[in-house]
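Protein chains in written order, with this note's numbering: chain L, -13 to 329; chain B, -13 to 329.
Protein chains: 2
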Amino acid sequence: MTEPKIRNMEDFAAVSGLSRPTVSKYFHDPASVRASTRARIEAALEQYDYRPNIFAMNQNRKLTKNVGIVVPYLADPFFAEIVRVIERRCVEAGLSPFLFNSHGERDYEIDILNTLRSMKPAGVLLAPLGRQSDKSAIEAFCKDVRTVLFDSNLDDFGQAFVGSDNRSFVSQTVEYLTRTGEAPCFFEMETPANPNANKRRLAYIEMMERLNVEPKFVRIKGSGWAFEEIGRQGALKALDETAFGAGTVLCSNDRLAIGLLSACFERGVRVGRGTDCDLRVASHDDHPFSRFTCPALTTSAHDYSAVSDEVVATLFKLIDGGGGLERRTEKLFPARLIMRDSA
Amino acid sequence: MTEPKIRNMEDFAAVSGLSRPTVSKYFHDPASVRASTRARIEAALEQYDYRPNIFAMNQNRKLTKNVGIVVPYLADPFFAEIVRVIERRCVEAGLSPFLFNSHGERDYEIDILNTLRSMKPAGVLLAPLGRQSDKSAIEAFCKDVRTVLFDSNLDDFGQAFVGSDNRSFVSQTVEYLTRTGEAPCFFEMETPANPNANKRRLAYIEMMERLNVEPKFVRIKGSGWAFEEIGRQGALKALDETAFGAGTVLCSNDRLAIGLLSACFERGVRVGRGTDCDLRVASHDDHPFSRFTCPALTTSAHDYSAVSDEVVATLFKLIDGGGGLERRTEKLFPARLIMRDSA
DNA sequence: CCTTTAATTTTACGCGCGTAAAATTTTTAT
DNA sequence: ATAAAAATTTTACGCGCGTAAAATTAAAGG
């Protein structure tokens, strides 16, 4: 080809026979230029496949189309899955999602917030670490950048919170287990990283009191994000000490349950609701792998799709609203009980 | 505070008592300014916590410190895990990793490459989709941007490839299974998305021929990235048709194996190497969950750490080398057999 | 202590684009 | 057809920073 090299929007406008600002308008919103102009630009686009410099664009734009998505630990399939859906929604809406992983560490989270601040994003979807978060850093960030919290609520930071209703999760599993057998004991980490874990514990206690049954806990040690291994080790110890006396266990979350099921298999403890079984196990989250445990895990499912939709919808409200919402909103979605073979 | 508001580097340089370009040098490389100058900047930094505009910085920089990391499907824990390690290595080295997920789709991958091109990254670490990739798009991209391919090799694109040695994976599992029992049949998808799957099949055939045993395949239908479910459905069908005759199965990858184990449990097929077992199952990848299947999965492990280190080291060579490497390199890491209870 | 050389800082300019306001063209109403 | 209104395009300027080259300062050598 003997086409002249297109180095910037100026060059591209020249070959399109238009002025640069007109082309600029087109890239900001193709509908904002006349149809005939749009056609000319798109024709030139085919021929030269020019793309605006992303940095120069964002530098001066009042509002970039960037959206930050921050999760505490991306190697957790639960977050990988929810992020997968959210990211797609953003792209469909013409936004540019940027994905950040806090790696379970306070310092990473702080660095990410600083990076995001300098990216001047249209909005940020933040699932905070929880207990480990630097609350004052997050509070300061939320004042500067329009932020929607999801998964874990943190004080009243951000313009909105979208998550699942932990009480709904627990009430359904406890009710089901009790109705079809006996009230469960609660299997959880001693010092959970995530505020949802605390809410689930409280909901468990509340449910048990309503049923007039003494709440019973198996609390295991451990830190970090290797919940399956923590659950497995804790369960091995508990099994050896016959701590699950009752015969029905409700795990705080599916990852612990996966470890527990692995320990049961290793110890020859039969899990399920059959008469020949030793233990019933249920849990919360509907982790992507809970379908494939042995036996398949009975669990309370997040409405991944509804949560993702609401998170992105809230973000749009923030963006369109200009200055943000009038007041902070909290939206919680109920769980759906998924009965499988483990309980 | 009555401090003047710092709006840009000019302001910040003023309160530091320096010129803006000196401050600019500092941010590019703190060691490039005199110690006394550095001290003054850092003192001012404490007081005003200014951060340079990331877009303006990258716009003019010959080489940004951005690194693109692209994986075909982030909700696959295998990729989540390897990305987790790579990302940390990059941060430790002072680079800014940006994570992209191709969502298993050709169009996403193309869009990501376009976005990356406009980000003028110092380098890109690309795990391509494989069969679904738009080869010419990737080829063109690799010519413009210094790229290290990992996980899946694709023709001779990019400046280097880093991955695992599929033959090493398969030879160890086949050898082990054969030595401790009998030669396995091979469980795989009919039309795998990933070139590694093809290499594993060829390695299996080669190993079997060397052992003078007829290769035997169970090939299952399915498309997409829900490998566990595909494996489960395929295994249910195969079990019902007693297609695993031999009693020893080698799965192309752990995710299929997870589905297979789930199917075995459902059908009451006992998996393991004990005399009371019906089937031995082994696989490849050492997926983060393979430790927690029931029974725990015998598998060939990637050397995640070595691969990650090498990927990042290769990237550094590219960056430091300025124009890149003299010639394309390929580095393959051998697998490590992990004996667990499934075989 | 003075000159030469090296290290550092400043001057001066440009990057690629957004955007308000001015100029132009197109559409609508008369 | 023509004036008024609306839509669109162009002019003109600035954003925040990188960087080559010039100017300055510090270090080295005699």
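Where a beta carbon is used, it is the ideal one built from N, C-alpha and C, also for glycine.
Residue nearest to residue i in terms of C-alpha spacing, selected from the options
{"i": "residue 140 of chain B", "options": "B:237, B:7, B:179 and B:44", "result": "B:179"}
{"i": "residue 61 of chain L", "options": "L:263, L:214 and L:257", "result": "L:214"}
{"i": "residue 157 of chain L", "options": "L:321, L:327, L:326 and L:272", "result": "L:321"}
{"i": "residue 275 of chain L", "options": "L:82, L:116 and L:67", "result": "L:67"}
{"i": "residue 200 of chain L", "options": "L:206, L:191, L:318 and L:152", "result": "L:191"}
{"i": "residue 85 of chain L", "options": "L:112, L:317 and L:211", "result": "L:112"}
{"i": "residue 318 of chain B", "options": "B:150, B:233 and B:42", "result": "B:150"}
{"i": "residue 23 of chain L", "options": "L:4, L:33 and L:15", "result": "L:4"}
{"i": "residue 278 of chain L", "options": "L:244, L:297, L:128 and L:257", "result": "L:244"}
{"i": "residue 26 of chain L", "options": "L:263, L:325 and L:1", "result": "L:1"}
{"i": "residue 197 of chain L", "options": "L:89, L:169 and L:323", "result": "L:169"}
{"i": "residue 103 of chain L", "options": "L:185, L:130 and L:161", "result": "L:130"}
{"i": "residue 185 of chain B", "options": "B:257, B:28, B:30 and B:152", "result": "B:152"}
{"i": "residue 314 of chain L", "options": "L:262, L:148, L:325 and L:99", "result": "L:148"}
Paired residues, beta bridge with residue i - DSSP
{"i": "residue 111 of chain L", "result": "L:55 and L:134"}
{"i": "residue 149 of chain L", "result": "L:318"}
{"i": "residue 243 of chain B", "result": "Answer is none; residue 243 of chain B lacks a bridge partner."}
is_contact[residue i, chain B] using C-beta, thresh 8 angstroms
{"i": "residue 44 of chain L", "result": "yes"}
{"i": "residue 16 of chain L", "result": "no"}
{"i": "residue 214 of chain L", "result": "yes"}
{"i": "residue 238 of chain L", "result": "no"}
{"i": "residue -6 of chain L", "result": "no"}
{"i": "residue 291 of chain L", "result": "no"}
{"i": "residue 37 of chain L", "result": "yes"}
{"i": "residue 128 of chain L", "result": "no"}
{"i": "residue 114 of chain L", "result": "no"}
{"i": "residue 173 of chain L", "result": "no"}
CB contact flag (residue i, residue j, <8 angstroms)
{"i": "residue 288 of chain B", "j": "residue 239 of chain B", "result": "no"}
{"i": "residue 69 of chain L", "j": "residue 55 of chain L", "result": "yes"}
{"i": "residue 253 of chain B", "j": "residue 283 of chain B", "result": "no"}
{"i": "residue 302 of chain B", "j": "residue 280 of chain L", "result": "no"}
{"i": "residue 41 of chain L", "j": "residue -2 of chain B", "result": "no"}
{"i": "residue 165 of chain B", "j": "residue 174 of chain B", "result": "no"}
{"i": "residue 146 of chain B", "j": "residue 298 of chain B", "result": "no"}
{"i": "residue 167 of chain B", "j": "residue 234 of chain B", "result": "yes"}
{"i": "residue 143 of chain L", "j": "residue 135 of chain L", "result": "yes"}
Residues of its chain near residue i, where Cβ-Cβ distance is below 8 angstroms and the 5 sequence neighbours each way are ignored
{"i": "residue 305 of chain L", "result": "49, 108, 109 and 132"}
{"i": "residue 92 of chain L", "result": "115, 118, 119 and 120"}
{"i": "residue 241 of chain B", "result": "62, 64, 213, 214, 217, 271 and 273"}
{"i": "residue -8 of chain L", "result": "-2, 1, 34 and 36"}
{"i": "residue 247 of chain B", "result": "257, 267, 279, 280, 281, 283 and 328"}
Cβ-heavy atom distance, residue i to the ligand ATP, below 7 angstroms
{"i": "residue 266 of chain B", "result": "Within the structure as shown, the ligand ATP is missing, as the structure has no ligands at all."}
Residues near residue i in its chain [Cβ-Cβ closer than 6 angstroms; skip 5 each side]
{"i": "residue 159 of chain B", "result": "236, 268 and 286"}
{"i": "residue 96 of chain L", "result": "120 and 123"}
{"i": "residue 220 of chain B", "result": "206"}
{"i": "residue 105 of chain B", "result": "52"}
{"i": "residue 336 of chain L", "result": "With chain L covering only -13 through 329, there is no way to say anything about residue 336 of chain L."}
{"i": "residue 295 of chain B", "result": "none"}
{"i": "residue -12 of chain B", "result": "Residue placement at residue -12 of chain B cannot be trusted, given a pLDDT of 47 that sits under 50; what the coordinates show is reported in the next sentence. Answer for residue -12 of chain B: no residue qualifies."}
{"i": "residue 172 of chain L", "result": "190, 203 and 236"}
Short CB-CB distance (under 8 angstroms) between residue i and chain L
{"i": "residue -12 of chain B", "result": "Low confidence applies to residue -12 of chain B: its pLDDT is 47, below 50, so where it sits in the model is not reliable enough to give any reading."}
{"i": "residue 123 of chain B", "result": "no"}
{"i": "residue 105 of chain B", "result": "yes"}
{"i": "residue 263 of chain B", "result": "no"}
{"i": "residue 67 of chain B", "result": "yes"}
{"i": "residue 245 of chain B", "result": "yes"}
{"i": "residue 180 of chain B", "result": "no"}
{"i": "residue 280 of chain B", "result": "yes"}
{"i": "residue 283 of chain B", "result": "no"}
{"i": "residue 89 of chain B", "result": "yes"}
{"i": "residue 98 of chain B", "result": "no"}
{"i": "residue 256 of chain B", "result": "no"}
Close beta carbons around residue i, own chain, < 7 angstroms, minus the five adjacent residues each side
{"i": "residue 249 of chain L", "result": "218, 221, 222 and 225"}
{"i": "residue 81 of chain L", "result": "51, 53 and 108"}
{"i": "residue 255 of chain L", "result": "225, 264 and 265"}
{"i": "residue -5 of chain L", "result": "6, 9, 10 and 38"}
{"i": "residue 83 of chain L", "result": "53, 55, 73, 76 and 77"}
{"i": "residue 137 of chain L", "result": "113 and 149"}
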